[in-house]
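Engineer: Please find one structure pasted underneath; my questions will follow.
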Amino acid sequence: VPPPPRGPLSVDGVHVVLAQRPGGSPRRITNAEVVARALQHGLGLAVDVVDFGSLALPEAWGVLRRCTILMGMHGAALSNAVFLPPRAVGIQIFPFGFQFADWTKGVQYQHLLTAWGADRYMRYDPPNPPNQSLPRLRKLLPSL
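Everything in the sequence shown is counted per UniProt numbering, starting at 1 for the first residue and increasing by one.
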């Protein structure tokens with residue numbers, strides 16, 4: 001797989017990967033296709049909904065090397081961020097009412113996602129106003 005392109009991209013070159021979980025998972029994004037269509041039609045972005053658990057590592061690596069924005073529910077799927085190109089943006093989604101259990105207090109996928117700069121991480125937490133992330137993402141797009 002060739003290395004990711006360098007330099008600024010147009011919105012046409014932005015590729016969103018929405019990390020999805022298998023059907024029975026409580027952290028599955030139940031409206032993933034709706035989210036994908038909203039990003040495609042609302043912002044004009046290319047979007048792939050991907051279950052990384054169903055891919056071999058080389059396939060997952062190939063998907064992520066082309067990824068500009070990785071979105072996913074809080075959890076192990078976000079550990080795939082180690083394969084993202086340097087300019088990528090990570091968006092961590094928390095389920096409604098999510099509370100960190102004691103055993104998860106040290107698990108911070110944010111640290112993987114911010115390895116490329118603090119402005120490259122966004123958190124979507126449903127109890128907070130949902131309209132804050134979209135304007136921030138729109139501002140970030142020209143820098144990708």
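Think of the CB as a built atom: it goes at the ideal place given N, C-alpha and C, for glycine as much as any other residue.
(1) Buried or exposed: which applies to residue 70, given that a residue is buried once 16 or more other Cβ atoms fall within 10 Å of its Cβ?
(2) Would you mind reading off the limits of the beta strand (DSSP E) that contains residue 41?
(3) Taking just the CA atoms, how far does residue 87 sit from residue 14?
(4) Determine the direct distance from the alpha carbon of residue 38 to that of residue 47, and round the result to whole angstroms.
(5) Around the C-beta of residue 20, are 16 or more other C-beta atoms found within 10 angstroms, so that it is buried, or is it exposed?
(6) Tell me the rounded alpha-carbon separation between residue 27 and residue 53.
(7) Does the Cβ of residue 30 have 16 or more other Cβ atoms within 10 Å, making it buried, or fewer, making it exposed?
(8) Tell me which same chain residues have a C-beta within less than 6 Å of the C-beta of residue 60, skipping the five on either side of it?
(9) Expressed to the nearest angstrom, what Euclidean distance is found between the alpha-carbon atoms of residue 93 and residue 74?
(10) Tell me, to the nearest whole angstrom, how far the beta carbon of residue 81 is from that of residue 90; I am working on the premise that it is less than 8 Å.
(11) Can you give me the start and stop residues for the beta strand (DSSP E) that residue 90 sits inside?
(12) Compute the Euclidean distance between the alpha carbons of residue 23 and residue 139, then round it to the nearest angstrom.
(13) Between which two residues does the alpha helix (DSSP H) holding residue 63 run?
(14) Taking residue 50 as part of the beta strand (DSSP E), name the residues at either end of that continuous run.
(15) Would a C-beta distance cut-off of 8 Å place residue 36 and residue 18 closer than the cut-off?
Structural biologist: From the atom records:
(1) Classification for residue 70: buried.
(2) It is not in any beta strand (DSSP E) - residue 41 instead sits in the alpha helix (DSSP H) that spans 32-43.
(3) The C-alpha of residue 14 lies about 11 Å from the C-alpha of residue 87.
(4) Computed Cα separation, rounded: 10 Å.
(5) The Cβ neighbour count for residue 20, taken over all protein chains shown within 10 Å, is at least 16; the residue is labelled buried.
(6) Their backbone Cα atoms lie some 14 Å apart in a straight line.
(7) Here residue 30 is exposed, its C-beta having fewer than 16 other C-beta atoms within 10 Å.
(8) Once the five neighbours on either side are set aside, the close Cβ partners of residue 60 are 52.
(9) Here the alpha carbon of residue 93 sits roughly 6 Å from the alpha carbon of residue 74.
(10) Contact between residue 81 and residue 90 holds: their C-beta atoms lie close to 6 Å from each other, under 8 Å.
(11) Residue range 89-93 is occupied by the beta strand (DSSP E) that includes residue 90.
(12) Their Cα atoms are separated by approximately 33 Å.
(13) Counting along the chain, the alpha helix (DSSP H) containing residue 63 begins and ends at 57-65.
(14) For residue 50, the uninterrupted beta strand (DSSP E) segment begins and ends at 46-50.
(15) Yes.
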